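Reading through the structure tokens given below for one structure.
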Amino acid sequence: MKNEIYVDAEGAIFGRLCSFVAKKALEGNELHVVNSEKTIITGNRKFILHDYSELKKKGGHSLKGPRISAVSYKMLKRAIRGMIPNHRYGTGKETLTRVKCYNGVPEEFKDKKFIKIESPRKIKFMTLKDLSQSI
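Next up, the structure:
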């Protein structure tokens with residue numbers, strides 16, 4: 001383990017944040033992502049909701065198919081998982097265990113210094129909290 005990195009996801013664009021976290025995790029760092037419910041997804045609200053509801057409907061019966069969580073920190077972790085190669089076996093699985101996502105800021109991280117991912121503010125966007133409440 002190289003070192004621990006604390007990332008504040010408030011106002012960060014979803015995909016850029018996930019790619020940053022995945023890259024740092026692949027380098028061997030342990031990452032703690034806080035305020036994951038305040039991450040923003042850019043685009044038209046109607047299309048975002050449509051895409052996630054379609055993703056939830058896909059698959060066979062209840063025992064099979066994609067299990068898409070409606071909890072914001074799990075949605076963030078799933079997106080990070082998609083950016084880590086071979087996440088089911090070996091180094092990919094080990095890499096994914098180094099990433100922890102939280103809603104809000106836990107008490108043990110209150111005094112830590114956080115990295116903030118700067119992103120240009122878009123006009124059309126939706127937070128993960130809004131998305132998880134809408135699905």
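Numbering (the numbering used here), first residue to last: 1 to 135. Ideal Cβ positions, reconstructed from N, Cα and C, are used throughout, including at glycine. Values in this document were obtained by computation on a predicted structure and should not be read as measured data.
Contact under 8 Å by Cβ, residue i with residue j
i: H87; j: R81; result: yes
i: L55; j: T39; result: no
i: S36; j: I135; result: no
i: F109; j: H32; result: yes
i: D8; j: F125; result: no
i: I13; j: S119; result: yes
i: E30; j: R98; result: yes
i: K58; j: G28; result: no
Anticipated Cβ contact below 8 Å, residue i with residue j, distance rounded
i: S72; j: N44; result: Between N44 and S72 the Cβ distance is about 20 Å, and since that is not below 8 Å, they are no contact.
i: I75; j: S132; result: Going by the sequence as given, residue 75 is Met instead of Ile. Rounded, the Cβ-Cβ distance is 7 Å, consistent with contact.
i: F47; j: I117; result: Contact flag wrong, Cβ pair sits at about 23 Å.
i: I41; j: L128; result: 7 Å
Local Cβ density within 10 Å of residue i, reported as buried at 16 or more and exposed below that
i: T91; result: exposed
i: V89; result: It should be noted that the sequence gives Tyr, not Val, for residue 89. With fewer than 16 Cβ atoms within 10 Å of its Cβ, Y89 is classed as exposed.
i: I123; result: exposed
i: A70; result: exposed
i: K23; result: exposed
Heavy atom of the ligand GDP within 7 Å of residue i beta-carbon
i: T91; result: Of ligands this structure carries none, so the ligand GDP is not represented either.
- Message: So within the region 68-122, which uninterrupted beta strand (DSSP E) runs reach at least 3 residues, ignoring any that extend past its ends?
- Response: 99-101
- Query: At what residue ranges does the region 11-42 contain a whole run of the beta strand (DSSP E), taking only runs of 3 or more?
  - Reply: 30-34 and 40-42
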